[in-house]
Amino acid sequence: MPSNNAMQLTERECWADVARLRVLVLLPVLVLLFSLASLADEGPPTRRFDRIIQPAGWALPPHGKRLRSGVFKGQADGITFVAFKGSSKKTFSLPHPSLEDGSLVWSSQVYYADEVTRLEARGKPYAWGMLALGAYVGCGAEVFFVDRDGDGRFEELDWYELGKLPDWVTKRLAEPAVSQAGR
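Converting from the sequence shown to our numbering requires adding 26 to each position, the first position being numbered 1.
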């Protein structure tokens with residue numbers, strides 16, 4: 027409640043005025059920054075590749091002892107997971123191809139993973155996933171190595187999200203569990 031004396035403000039009123047001033051000062055600065063950013067010439071856009079195929083298969087990141095296992099929720103019924111301990115001391119490289127000015131630029135970054143997870147369709151692995159953390163720079167991304175054809179090689183590297191289930195996994199999940207005993 028304001029005091030009778032117009033020159034005195036309560037502490038609450040003072041902080042409210044400070045908050046209003048911050049908004050009034052920051053708003054024009056933000057508008058100016060966004061205006062300048064929209065005018066900046068950033069050159070041609072860079073196209074990143076979210077899925078990279080290596081027919082011989084990718085080398086899987088190092089992992090240690092089994093931590094836990096269970097049912098994987100999110101893709102389909104019948105998918106299970108096994109999580110393994112990763113290590114910040116055991117690093118691995120991942121490619122970062124991009125298309126810049128019509129040229130394919132192939133670079134790589136060194137990562138580590140605190141945990142590596144294997145996804146299985148009725149006991150047969152079809153993907154390995156992890157949060158890959160930059161070993162020397164502050165970056166990180168979810169990556170998945172996927173066996174698209176069921177041959178045991180993980181030839182697809184998916185950045186950021188696991189794509190749709192491979193066809194062989196969908197077929198495997200549709201089969202009765204007893205017919206897969208010999209696989």
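All C-beta atoms, glycine included, are put in the ideal place defined by N, C-alpha and C. All of these numbers come straight from a predicted model, not from anything done at the bench.
Does the beta-carbon of Thr196 have 16 or more other beta-carbons within 10 angstroms, so that it is buried, or is it exposed? Thr196 counts as exposed, since fewer than 16 other C-beta atoms from the protein chains shown sit within 10 angstroms of its C-beta.
Buried or exposed for Val169, going by 16 or more other Cβ atoms inside 10 Å? Buried: at least 16 other Cβ atoms inside 10 Å.
Can you tell me the Cβ-Cβ gap for Glu141 and Phe110, rounded? I've got them flagged as a contact below 8 Å. 7 Å between Cβ atoms; contact.
Throw me the rounded Cβ distance for the Ser113 and Gly149 pair, which I believe falls under 8 Å. Taking the Cβ atoms as the reference, Ser113 lies roughly 26 Å from Gly149, outside the contact range of under 8 Å.
Which same chain residues, not among the five before or five after Gly176, have their C-beta less than 6 Å away from its C-beta? Residues of the same chain with a CB within less than 6 Å of the CB of Gly176, apart from the 5 flanking positions on each side, are Trp194 in chain order.
Going straight from the alpha carbon of Arg179 to that of Phe171, what length do you get? One C-alpha to the other measures close to 9 Å.
Do you know how far the Cα of Glu187 is from the Cα of Pro202? Taking the Cα positions, Pro202 is about 29 Å away from Glu187.
Per-residue DSSP class, three states only, for Ala85: In the three-state DSSP reduction, Ala85 falls in the coil class, being neither helix nor strand.
I'd like the list of long-range same chain contacts for His122, defined as Cβ closer than 7 Å, with 5 residues on each side in sequence excluded. Around His122: Ser133, Ser134, Gln135.
Pick helix, strand or coil for Asp140, following the three-state DSSP scheme. Of the three classes helix, strand and coil, the one that applies to Asp140 here is strand, per DSSP.
Rounded to whole angstroms, what is the Cα-Cα separation between Leu199 and Thr143? Straight-line Cα distance between these residues: approximately 20 Å.
So the beta strand (DSSP E) Asp193 belongs to, where does it begin and stop? Where Asp193 is concerned, there is no enclosing beta strand (DSSP E), although the alpha helix (DSSP H) it sits in stretches over 193-200.
Could you compute how far the alpha carbon of Pro151 sits from the alpha carbon of Leu191? Going by the C-alpha atoms only, they are around 12 Å apart.
May I ask which residues mark the beginning and end of the beta strand (DSSP E) holding Ala171? One point to set straight first is that residue 171 is Phe, not Ala, in the sequence displayed. First-last of the beta strand (DSSP E) with Phe171: 166-172.
Given a cut-off of 9 Å, decide if Leu183 and Ile105 are closer than it, judged by their beta-carbon atoms. In this structure, Leu183 does not lie closer than 9 Å to Ile105 by Cβ.
Counting only the same chain and skipping the five closest in sequence on each side, list residues whose C-beta sits under 7 Å from that of Arg92. Val108, Phe110.
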